[in-house]
Each structure stands twice: as C-alpha cells, then as structure tokens.
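Here the structure comes first, spelled out in structure tokens, and everything after it is commentary.
2 protein chains.
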Amino acid sequence: MYVALTHYPVVNKNGEIITSAVTNLDLHDIARAVRTFGAKAFYVVTPLADQKRLVEKIVSHWTKGFGSTYNPKRRRALEMIHIKESMAQVVEHIAVFGAGIPKVTVTCARDTDTRPGMSYKEFQELLQNGKPHLLVFGTAWGLSQPFIAKADYILEPIKGNTGYNHLSVRCAAAIILDRLMGNRNLN
Amino acid sequence: MYVALTHYPVVNKNGEIITSAVTNLDLHDIARAVRTFGAKAFYVVTPLADQKRLVEKIVSHWTKGFGSTYNPKRRRALEMIHIKESMAQVVEHIAVFGAGIPKVTVTCARDTDTRPGMSYKEFQELLQNGKPHLLVFGTAWGLSQPFIAKADYILEPIKGNTGYNHLSVRCAAAIILDRLMGNRNLN
C-alpha cells in the first residue's frame, strides 16, 4: 500500500475548491505512521512551486542535513516522502517503480458520495490481493467531490462514538493505517 | 475515561528529566480525538507559569474569542481542555468533580517497565467497571521512569508491523483512543 496526502483538489470551509498550504507536522506525523505501519511510500502532492520547494527543504533537512544525524529515526520516516505535483504523477510513479497502476481509495470524514463506503475489513481483504493500492488523504476541509467521485473506492469515515468526528488529517491517517495494517496480534 | 498530556516529568533525548514546551497542535489534535471518541475531559499539565498562560490563551481564542465563531467545531473540542500544574492536581480534580480517585494508566512507546504492559483488550474490560480512569501521555521523549513506575497500570506500546514505532504523541493518542473507545460496530 502507498499513501498520498494532497493539497489539491481540496475544499475550503465554504466548499470551494482550493490549493491548501503545506503543514509541516502533517509531513512528519504521517511519514512516521507510514514507516511504523509499513506502507511502501508517502507521496506529498502540491502543484505550487514554492510549496514544493518548502517540502523539499523540510525533507532534505531531516534526510541529508543536520536533522539526519540529530535524529536518525526521523530520517527513516521522512525518507518515505516523495514530492509530486499531481495525483496523476503519483499514479505514474507507482506504475513505473511499483507493481503496476494502483487502485485509488479515497478517505473522507463525511459520507459525501452516493456510493457506500468500503469497510476497513473489506479494504484489508482487498490488500491481500498483492496489487498496488493508493490511499489518498485530503488536507483543509477534505478532497473535492469530483475527485472523490473518480476514485476506485471510498473508505468509510472513522466513527467515534459521539456523533462528533473532526479529527486532524494527521490523526485520521494514523488511525486508518493502524486499522488496516496495525499488528493486532501483538496488542 | 479521562485523558492527560503532561509536559513534566518527561525525558529528553538523553534520558534526562525535563519540562517540555507546549506544542499547539498537540492541544488541538488530542482535544479533537478526545471529543470524537468520547473521553470525559482532556487535561494539559505544565508546571511553568508562562506555558500555562500560553495554553490558556490558545484555549480561550477557540472557546471564547474569534475562533469560537469562526470554527464552532474546534470550540467543542477545545472546551474539553483543563489546564493543571501537576498530575496531583489532575487526580484531585477528577476525584472532586468526577466519580472518585481515578486509577492511573500510563502510555509508553517502549517496554520500559519491569511490569508487563496491559493489553488494549484488558484495558477495555477495565473501563467497563464504571470507575474513573486517567490515561496519561507524555511529551518529548516520553514519561519519566519513576513516574511510570508509580502508575497503577501501563498500557502496551502500539506495535506497527515493522519494528519501527516512533509515532507523534498526537497520533499515538488518536490510535489508542480509537483502539479503546472507537465504535468498531460502525466500521
């Protein structure tokens, strides 16, 4: 499984499609979860040149610069990051360097699509087929509806037990990777 | 269940006991997870007066200031925060306003105690007894060994499936709350 965090196309508070700004801790936290649970790579997607440079600078600091010797564990996490300009580039990269064109599964905090969401158990079973899967997280107020509609699968929203589910994308990604790939036998 | 995030006594990279600085996104992310999964309150503990004022300022912005009307969902999360100077004050607050003196369970990314860690299943069963439980997360490089040794219970570390487990405290807290309180029947 491959993981992507995208900053476009996502929606703002008013539902308008925007390009969001990169949040430093999204990169760190999701890279650490990707490394912990054993996904193959973590793609950070932004079409903006200056944002791309910012991500490159952060990743380089921790993988090649001072951070790499100061905290080698962080290096091992941030090494998982690939920076791409579009989701099409991500799919192409996996197709070339991975095991073929991946099926794309999107995550969403709300039930926004007409299709019913795939359960975590169903997705776990799907992962057993040995084919590449790309799991996509959106920043800001979430992935745009047209993007969700084009995906192969939609994963069910995380339900707490309170009716309130407004987790950060960092925490949602960590929970979903744990649900899909966490070694329950060890816990 | 009650949740606490403490900035003292924790250890730094070299294992020395320190007081860590407050991270803004720890407050937001853990408050959102606490609200989502239905813990009763989120205690933020720091003995430093200036750090306490910083947390008060952040919480006040989102619960009473501009943030409260800009993003009412964030208000509902940050309303869960109580600021205390010590873990003793947290225990006392729960004893007075809750249902008695809580049992204290600590979390740790490593197996550092001589006692075997409690499994997630065992903790879930314990939560059924209706008595108050306080789950404590440490910042920086984790809770100090003497603090861990004094706790009633230690929760098993989160295991991924890679041998690497260096999650942020934000993500670890979210995963643990999901494992203990997430409504699996809905997913």
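Protein sequences appear in the order of chains V and D. When the count follows the numbering used here, it moves up by one through the first sequence with no breaks and lands on 211 for the last residue. When the count follows the numbering used here, it moves up by one through the second sequence with no breaks and lands on 211 for the last residue. Built from N, CA and C at the ideal position, the CB exists for glycine as well.
- For A198(V), the C-beta contacts it makes with chain D under 7 Å involve L191, C195, A198, I199, in order along the chain.
- Residue burial is scored here from C-beta neighbours: A175(V) has at least 16 other C-beta atoms within 10 angstroms and is therefore classed as buried.
- Counting the other CB atoms within 10 Å of its CB gives N36(V) a total below 16, which places it among the exposed residues.
- It is roughly 31 Å from the alpha-carbon of P156(V) to the alpha-carbon of T60(D).
- Its chain contains L49, D50, D53, I54 as the residues whose beta carbon lies nearer than 7 Å to that of R194(V), once the 5 sequence neighbours on both sides are disregarded; these appear in chain order.
- In the structure shown, the three-state DSSP call for L158(V) is strand.
- Under the Cβ criterion (8 Å, minimum of three pairs), the stretch 172 to 191 of chain D counts as touching the stretch 117 to 132 of chain D.
- Counting the other Cβ atoms within 10 Å of the Cβ of P33(D) gives 16 or more, which makes it buried.
- When the Cα atoms are used, F147(V) and G141(V) turn out to be separated by approximately 10 Å.
- Below the 9 Å Cβ cutoff, chain V contributes S192 as neighbours of H52(D), in chain order.
- Taken through DSSP and simplified to helix, strand or coil, H190(V) comes out as coil.
- Uninterrupted alpha helix (DSSP H) stretches at least 4 residues long and entirely within the stretch 103 to 190 of chain V occur at 111 to 121, 144 to 151, 169 to 174, given in chain order.
- Annotation: Cβ neighbours of A101(D) in chain V (cutoff 9 Å, chain order): Y188, H190.
- DSSP, read as helix, strand or coil, puts L78(D) in helix.
- Ranked by how close their Cα comes to the Cα of A164(D), the residues V27(D), R139(D), I42(D) have I42(D) in first place.
- Segment contact: the stretch 79 to 97 of chain V against the stretch 116 to 124 of chain V, fewer than three CB-CB distances shorter than 8 Å; contact not assigned.
- When rounded, the separation of the alpha-carbon atoms in H31(D) and P170(D) is 15 Å.
- Near chain V, meaning a CB-to-CB distance below 7 Å, the residues of the stretch 128 to 158 of chain D are S143, Y144.
- When A63(D), L102(D), N95(D) are compared, the shortest CA-CA separation from V79(D) is found for L102(D).
- For N185(D), the chain V residues whose Cβ falls inside 9 Å of its Cβ are T60, F61, G62, M205, G206, N207, L210, in order along the chain.
- As DSSP reads the structure, T30(V) sits in a beta bridge with V69(V), G162(V).
- Here G206(V) has F61 as same chain residues with Cβ atoms under 8 Å from its own Cβ, once five neighbours each way along the sequence are excluded.
- Rounded to the nearest angstrom, the Cβ distance from V115(V) to F66(V) is 15 Å, too far for a contact under 8 Å.
- DSSP, read as helix, strand or coil, puts V35(V) in strand.
- Put simply, of A57(V), T138(V), A45(V), A73(V) the residue whose alpha carbon is nearest the alpha carbon of E180(V) is T138(V).
- Under a criterion of Cβ atoms nearer than 8 Å, the residues of chain D adjacent to K97(V) are, in order, Y188, H190.
- Around the beta carbon of A112(D), a 10 Å sphere encloses fewer than 16 other beta carbons of the protein chains shown; the residue is thus reported as exposed.
- About 18 Å separates the CB atoms of A197(D) and A45(D); that is not less than 8 Å, and the two are not in contact.
- Contact residues of the stretch 160 to 176 of chain V toward chain D are absent (C-beta to C-beta distance below 9 Å).
- Residues of the stretch 61 to 83 of chain D with a Cβ closer than 8 Å to any Cβ of chain V, in chain order: F61, G62.
- Put simply, the CB of L29(V) is far from chain D, with every gap to its CB atoms at 8 Å or more.
- Straight-line spacing of the CA atoms in E109(V) and L29(D) works out to 37 Å.
- In this structure, the alpha-carbon of L159(D) lies about 7 Å from that of M25(D).
- Under a 10 Å Cβ-count criterion, N189(D) is classified as buried, with 16 or more other Cβ atoms of the shown protein chains found around its own Cβ.
- Residue environment for G166(D): buried (at least 16 other C-beta atoms within 10 angstroms of its C-beta).
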